[in-house]
Amino acid sequence: MTGPVRVRVAPSPTGDPHVGTAYMSLFNLAFARQQGGQFLLRVEDTDRARFQADSEQQVYDTLRWLGLDWDEGPDKGGPFAPYRQSERLDTYRPHVDRLVADGHAYLCWCTSARLTEMREDQQKRKLPTGYDRLCVGKTAAERAELPGFQERPVVRMLVPDDPPLHFVDLVRGEVSAPRPDDQVLLKADGFPTYHLAVVVDDHLMGITHVVRGEEWISSTPKHLLLFDWLGWDRPAFAHMPLLRNVDKSKISKRKNPAARLTWFVEQGYLPEALLNFLGLLGYSLPDSEKEIFSFEEMSESFDWSRVNTVGPVFDLDKLGWLNGHYVRELSEQDFAERALPFLQRAGLVGSPAGPDELAALGAVTPLVQTRVAVLSELPDLVRFLFVDEEDFVVEEAAVAKALTPAAAPVLTAAADALEGLDEWSTQTVQAAVDSALLEGGLGLKRGKAYLPLRAAVCGSSISPPLPESMALLGQERVLRRLRSAAALAG
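Under this note's numbering, read the sequence shown as residues 2 to 491, first letter to last.
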């Protein structure tokens with residue numbers, strides 16, 4: 002197919018958007034931008050049984066969060082609108098009628114019960130499963146004389162004896178696919194199946210390259226037949242390797258929360274990190290050792306020969322490492338702005354945040370930016386600073402580990418030393434605590450001395466650097482928490 006490159010992603014609004022939608026969108030868009038072409042978003046909503054009304058908006062929101070914007074789509078319009086299949090039903094019927102008239106398709110009146118019985122019998126006899134063509138060549142009246150008849154027929158394609166089973170794939174070279182069954186093209190409710198609608202829409206919308214997951218390789222012969230029967234040019238095909246779990250199984254929303262795109266937003270991954278990660282899963286730059294790269298770098302170098310053909314493992318540890326890198330690259334102001342919604346969601350900061358809350362966030366940012374891999378870790382790390390004093394509690398684990406009876410004199414000594422400070426800063430706090438608890442004082446090692454102090458002041462065994470945390474918290478609150486923890490330990 003000649004002409005400007007036109008590619009598309011076509012999600013189904015059947016729940017939370019799958020991470021595979023972002024994966025396919027990334028490669029489609031990178032190729033389109035390199036070629037100066039167009040990227041379309043088409044909503045394939047003909048599966049009415051699984052349709053969810055809010056899913057389409059989630060697709061828009063998550064893809065835009067990642068920076069994967071489209072040129073044409075349901076929300077933007079375009080020269081080939083509408084871009085929702087449910088709004089294009091009148092488009093498909095004439096092509097179905099043509100296929101039936103040309104002898105490439107036929108009506109099938111078989112009930113679902115009869116089809117189930119047929120398949121079970123085939124499996125029992127160890128025969129290939131597939132429709133037995135009971136309805137081929139029959140009128141409705143003739144078919145009604147036989148068992149398993151329903152009034153409203155479906156339309157099936159009539160696969161020839163020699164279907165096109167070989168095609169050239171941009172990623173894999175020559176590919177051989179299995180012989181297809183007589184696929185249903187139009188369901189009894191008048192809705193097209195995916196296999197009919199995708200071919201009609203791709204042709205009418207001028208799609209030049211179909212970039213999709215490798216699970217569709219087996220369906221490609223059906224689509225090639227339909228393109229040929231309808232007298233349309235075939236698009237080029239590129240079948241991407243599927244994303245895999247660590248056990249090499251296909252990543253799915255039922256088994257892995259990371260299959261949901263919204264999960265990454267909820268957990269506080271940065272969109273630029275996730276985009277880099279998805280690119281790294283399926284693509285290598287000319288400098289194959291380079292792991293940190295932008296969408297622009299990927300698009301500029303894009304070549305189908307550099308796409309991985311082996312199913313990449315969705316390694317969250319690797320994504321965490323990448324996300325930590327991008328978190329550390331943020332300016333302090335950018336980090337604070339991205340962190341704020343997570344503190345608001347945890348109820349630690351108001352919405353909108355007040356001036357004092359914003360000042361506290363700005364002050365603690367330098368202490369925590371290098372300590373989080375994802376932004377959802379932040380509330381637990383800074384809770385001690387934002388929680389109201391009457392709501393402050395020490396975690397049970399920290400109590401058991403750190404606030405033992407032996408900790409009481411340590412906490413008391415620290416409180417006594419800090420109470421006399423006229424100047425409250427990181428330096429004076431650390432000097433007073435070290436003087437009271439380390440050599441010259443109780444003679445403790447810093448790690449052992451700081452453990453009960455951290456639990457008492459921050460409520461956890463994990464916190465930002467302790468002297469800095471105490472300096473931010475203020476003398477009055479630190480002393481109150483130390484005295485209270487000493488009483489609890491004793």
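Every residue gets a Cβ at the ideal spot worked out from N, C-alpha and C, and that includes glycine.
The alpha-carbon of proline 148 is positioned some 16 Å away from that of aspartate 122. Assigned with DSSP and collapsed to three states, cysteine 459 falls in helix.
Closest in alpha carbon position to serine 220, among Pro80, Asp190, Pro181, is Pro181. The beta carbon of glycine 442 sits closer than 7 Å to those of Ala414, Ser436, all from its chain and outside the five residues before and after it, given in chain order. Counting along the chain, no alpha helix (DSSP H) covers alanine 82, and no H or E run does either.
Under DSSP, no beta-bridge partner is assigned to leucine 281.
At the C-beta level, alanine 198 and glutamate 57 stay beyond 8 Å of one another. Annotation for histidine 167: the continuous beta strand (DSSP E) segment containing it runs 167 to 170. Per DSSP, the beta-bridge partners of arginine 261 are His19. Here glycine 232 is exposed: its Cβ has fewer than 16 other Cβ atoms, across all protein chains shown, within 10 Å. Glycine 214 sits in a strand when the DSSP states are folded into three classes. With respect to the 8 Å criterion, leucine 27 and leucine 69 are classified as neighbours on the basis of their beta carbons. Its Cα nearest to that of alanine 11, the residue Leu41 stands out among Ser285, Ala142, Arg65, Leu41. When the Cα atoms are used, proline 161 and glutamate 143 turn out to be separated by approximately 24 Å. Closest option to arginine 9, judged by alpha-carbon separation, among Ala50, Gly174, Val212: Val212. Residue pairing of lysine 251 in beta bridges, as defined by DSSP: Arg245. Under a 10 Å Cβ-count criterion, valine 247 is classified as exposed, with fewer than 16 other Cβ atoms of the shown protein chains found around its own Cβ.
Scanning Val155, Ala237, Lys223 for the CA closest to the CA of leucine 171 turns up Ala237.
Beta-carbon to beta-carbon, leucine 404 and valine 395 are separated by about 7 Å, close enough to satisfy the 8 Å threshold. Inter-residue distance for glutamine 476 and proline 453 is about 17 Å (C-alpha atoms, whole angstroms). In this chain, the alpha helix (DSSP H) harbouring tryptophan 322 covers 317 to 330. Going by C-alpha positions, leucine 344 is about 50 Å away from glycine 174. Scanning Trp71, Pro95, Phe228, Thr140 for the CA closest to the CA of glycine 191 turns up Pro95.
Taking proline 179 as the centre and dropping the five residues before and after it, the same chain places the C-beta of Ser219 closer than 6 Å to its C-beta, in chain order. Under the three-state reduction of DSSP output, glutamate 273 falls in the helix class. When the five nearest sequence neighbours on each side are left out, the beta carbons in the same chain lying within less than 6 Å of the beta carbon of alanine 416 are those of Leu480, Leu483, Arg484, in order along the chain.
A Cβ-Cβ contact shorter than 8 Å links proline 154 with alanine 189. Taking a 10 Å sphere around the C-beta of valine 156, we find 16 or more other C-beta atoms and assign the residue as buried. In the DSSP assignment, glutamate 57 falls within the unbroken alpha helix (DSSP H) covering 56 to 66. With fewer than three CB-CB distances shorter than 8 Å, the stretch 286 to 299 does not count as touching the stretch 252 to 269.
CA-to-CA, the gap between leucine 262 and leucine 276 works out to about 12 Å.
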